[in-house]
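Protein chains in written order, with the numbering used here: chain A, 1 to 315; chain B, 316 to 593.
For glycine and all other residues, C-beta sits at the position ideal for the given N, C-alpha and C.
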Amino acid sequence: MTDTVAPRLRSVANGAKSSCFALSERQREALTGYLFILPLFLGAAVLFFYPILRSFELSFMQTGVFKGETFVGLKHYRHLMDDPKMWQAMVNSMIYALVGLLEVPLAIFFASLLNTPGLRFLSFYRVLFFLPVVTMPTAVGMVWQLLYNVDYGPINQGLALAGFPPVSWLTQPVIVIVAVAAVGIWSGLGQSIILILSGLQTVPPDLHEAAEMDGAGPLQRFFRITLPMISPTIFLVAVLNVIKSLQVFDLIYIMVGPKNPVFDQAQTIVTYFFEVGFVEHDRGYAAAIVISLLAMIMMVTGLQFYLQKKWVHYG
Amino acid sequence: MARVRSSESVRAHLAVHAVLIISALAMVFPFFWQVMTTFKTQTEALQVPPQLLPATFGFDAYRQVLQRIPFVDMFNNSVLSVVTRTVAQLIFCSMAGYAFARLRFPFRGTLFVMLLAIMMVPREIYLIPQTEIMKSVGLLDTVTAMIAPGLFSAFGTFLMRQFFLTLPESLAEAARLDGANRFQVFYLIMLPLAKPGLIALAIFTALWTWNELLWPLVIISTSSNLNLSAGISTLSGEYVTDYPMLMAGSLMAELPMIVLFLVLQKRFIEGIATTGMK
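Set out below in structure tokens:
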């Protein structure tokens, strides 16, 4: 109803202004729209759009220490295929991502506990679980380096009290990646809990009551009702978790220094990219590494979207 | 029914609390160990088996941090980064987000998809070209260069667009009828209503900027130009690892954000829940 009146009234109201600029109402709206997005797109053009194209270009270039750049086609990509360091980095990133996925069941467990009806001190628990999320990863890495220390770290001390021999967490291949991934879980758990908790709160309680009437036990209700109902949230958390894990840099960089005997065996894709691009200054090859990272993230995410048909229920 | 089952549910609650308390203690144990270590002497920190508490509470480690790195400069750089990036993103992202949500213009869809592409691509892809750009404009190793890429955000724009889409359009219509122009509608009507979205964006930007490590490491070479996150990573000694000093430095760097979180905890948790994990 107002649709027919509003434009006419509007043009009356704007009558004085539109005589200065002979623009129609639609043109004025479009112009305003462009003005509103202009600052963002100016910045993005220089700092994001151009760099994406430039990274693709660089990945086909041989760059020297000095200015020169020569086109070398797929040379870097072929080199990637038989670069043992790159394979090592990819395997490590994959291990890190797989271990990191344990965060999801842990978050479901704690979110379910926090979702207990009428639970007291809820916000107190939420704050404690969330504290690591806001803590600077650099600081987290430094603290856990001490916690993991073979001789004077409290973790091995705890193991000793339970009768286990000390473990050299950060100086053995594979174990170092698992150990750092565990720190990643510690620092991200609170966030996953909050996301899954908000999913749990959308499950209507009468569904549970009905199932309870029908004689379903708590575990059965959890696996048959709650889990399928929140599966879209779980899927989202899992996808974001894997993407984040494949890009891990901070914790590895801090916890595995160049003095570490397994430094070379503990690199991930992004730490290797950092090494090649900013320590060895081989920009062309580093660009090829980062383009491969993009391809890898797209493939893994695509795979997850394909697999979701088997377990995610959209109501 | 509730009364009949009350003793059973009390017992269930006690079990839940027991599990939660033990787990929550495990979650905060690293902080406890960190804080206790800052008060220890180097000898105490290297004691086998490790002791929970220091013999006496000393503050030497904190003093050493201040001597070892230009902590105050780094702190100022971090604060400056957080403030400028947050203000810039609140302005640029809310304007662009509003345009994508509520204004019609040619190629709106295409432009929006381009923004989504920026969000999907891993951040690392920008680093080398951004470094080249900073070098070509003579900004290598400057705080300006360290701040610049975070002034604009595709993710923030996406977030604000989603938020503006939830606001009723009829309000804007009414204001237009009263003679307000489009900028006034945005600034006086829609922006105040979008406050929860703006707060979420501000918290997300501040947290992410405060904790950022990779870009500062890449673009900065003078330690007084680093932010705190990259700055404290330079604390590790070449020969001996001075754990009390490392713990003091990491605590001093992480504390401002933790205090902010404790003050604004509800806003933080809501903000992170709405911004997802990006």
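{"Query": "Quick one: what does DSSP say A/MET61 is sitting in, helix, strand or coil?", "Result": "strand"}
{"Query": "Which residues in chain A have a C-beta closer than 8 Å to the C-beta of B/ARG476? List them in chain order.", "Result": "By Cβ distance, chain A contributes nothing, its closest Cβ being about 11 Å from B/ARG476, past 8 Å."}
{"Query": "Near B/GLU359, what residues of its chain come up, given a Cβ to Cβ distance below 6 Å and the 5 sequence neighbours on each side ignored?", "Result": "PRO369"}
{"Query": "Checking contacts by CB at 8 Å: is A/SER292 closer than that to chain B?", "Result": "no"}
{"Query": "What is the rounded straight-line gap between the Cα of A/SER187 and the Cα of A/LEU251?", "Result": "10 Å"}
{"Query": "So if DSSP puts A/THR70 in a beta bridge, which residue, or which two residues, is it bridged to?", "Result": "A/GLN62"}
{"Query": "Let me confirm a value: B/ALA521 is counted as buried when at least 16 other C-beta atoms fall within 10 Å, else exposed. Which label applies?", "Result": "buried"}
{"Query": "Between the region 338–355 of chain B and the region 272–289 of chain A, do at least 3 Cβ pairs fall closer than 8 Å?", "Result": "no"}
{"Query": "Select from B/PRO511, B/VAL398, B/VAL500 and B/GLN362 the residue whose C-alpha is nearest the C-alpha of B/ARG582.", "Result": "B/PRO511"}
{"Query": "Give me the chain A residues within the contact set of B/MET410, using Cβ-Cβ distance strictly less than 9 Å, ordered along the chain.", "Result": "LEU35, PHE36, ILE37, LEU38, PRO39 and LEU40"}
{"Query": "Taking the Cβ atom as the reference point for each residue, do A/SER55 and A/LEU246 lie within a distance shorter than 8 Å?", "Result": "no"}
{"Query": "Give a yes or no on whether the C-beta atoms belonging to B/ALA563 and B/VAL380 are separated by under 8 Å.", "Result": "yes"}
{"Query": "What does A/ALA381 touch in chain B if you count any residue whose Cβ is under 8 Å from its own?", "Result": "It is not possible to answer for residue 381 of chain A, since the shown part of chain A is limited to 1 through 315."}
{"Query": "Tell me which same chain residues have a C-beta within less than 7 Å of the C-beta of A/LEU146, skipping the five on either side of it?", "Result": "GLY153"}
{"Query": "Give the range of the alpha helix (DSSP H) segment to which A/THR233 is assigned.", "Result": "231–246"}
{"Query": "Going along chain B in order, which residues have a C-beta closer than 8 Å to the C-beta of A/TYR125?", "Result": "LEU335 and ALA339"}
{"Query": "Kindly indicate which three-state DSSP category A/MET86 falls into: helix, strand or coil?", "Result": "helix"}
{"Query": "Is the CB of B/MET592 under 8 Å away from at least one CB in chain A?", "Result": "The predicted model places B/MET592 with a pLDDT of 48, which falls under 50 and marks its position as unreliable, so this point remains unresolved."}
{"Query": "For B/PRO483, collect the residues of the same chain with a Cβ closer than 6 Å to its Cβ; drop the 5 residues on either side in sequence, then sort them by chain order.", "Result": "none"}
{"Query": "I need the DSSP call for B/PRO375, collapsed to helix, strand or coil.", "Result": "Going by the sequence as given, residue 375 of chain B is Asp instead of Pro. In the structure shown, B/ASP375 sits in a helix (DSSP, three-state: H, G or I)."}
{"Query": "Just the Cα atoms here: how many angstroms apart are B/THR590 and B/ALA515?", "Result": "7 Å"}
{"Query": "Can you find a C-beta in chain B that's less than 8 Å from the C-beta of A/VAL143?", "Result": "yes"}
{"Query": "If you measure beta-carbon to beta-carbon, which residues of the region 248–281 of chain A are closer than 8 Å to chain B?", "Result": "PHE249, ASP250, TYR253, ILE254, GLY257, VAL270, PHE273, PHE274, GLY277 and PHE278"}
{"Query": "Do B/MET461 and B/SER396 have their C-beta atoms closer together than 8 Å?", "Result": "yes"}
{"Query": "Is the shortest distance between the beta-carbon of B/GLU323 and the beta-carbons of chain A less than 8 Å?", "Result": "no"}
{"Query": "Throw me the rounded Cβ distance for the A/PRO232 and A/TYR125 pair, which I believe falls under 8 Å.", "Result": "That pair is no contact at about 25 Å."}
{"Query": "Compare the beta carbon distance of A/VAL180 and A/MET255 with 8 Å and say whether it is the shorter of the two.", "Result": "yes"}
{"Query": "Looking at A/LEU207 and A/ILE234, is the spacing between their C-beta atoms short of 8 Å?", "Result": "no"}
{"Query": "Rounded to whole angstroms, what is the Cα-Cα separation between B/LEU405 and B/ALA517?", "Result": "7 Å"}
{"Query": "For chain A, check one thing: does any of its Cβ atoms lie closer than 8 Å to the Cβ of B/TYR502?", "Result": "no"}
{"Query": "Taking 8 Å as the threshold (C-beta atoms), are A/THR116 and B/VAL331 in contact?", "Result": "yes"}
{"Query": "Would you say A/ARG78 faces chain B, with C-beta separation under 8 Å as the test?", "Result": "no"}
{"Query": "Starting from B/GLU569, find everything on chain A with Cβ-Cβ shorter than 7 Å and list it in chain order.", "Result": "THR135, MET136 and ALA139"}
{"Query": "I think A/MET136 touches B/MET572, with their Cβ atoms under 8 Å apart; what is that distance to the nearest whole Å?", "Result": "7 Å"}
{"Query": "Between the Cα of A/THR301 and the Cα atoms of B/TRP530, B/CYS408, B/PRO437 and B/ALA509, which residue gives the shortest distance?", "Result": "B/PRO437"}
{"Query": "Kindly provide the ranges of any alpha helix (DSSP H) runs that are 4 or more residues long and lie completely inside the region 110–140 of chain A, ordered along the chain.", "Result": "122–130"}
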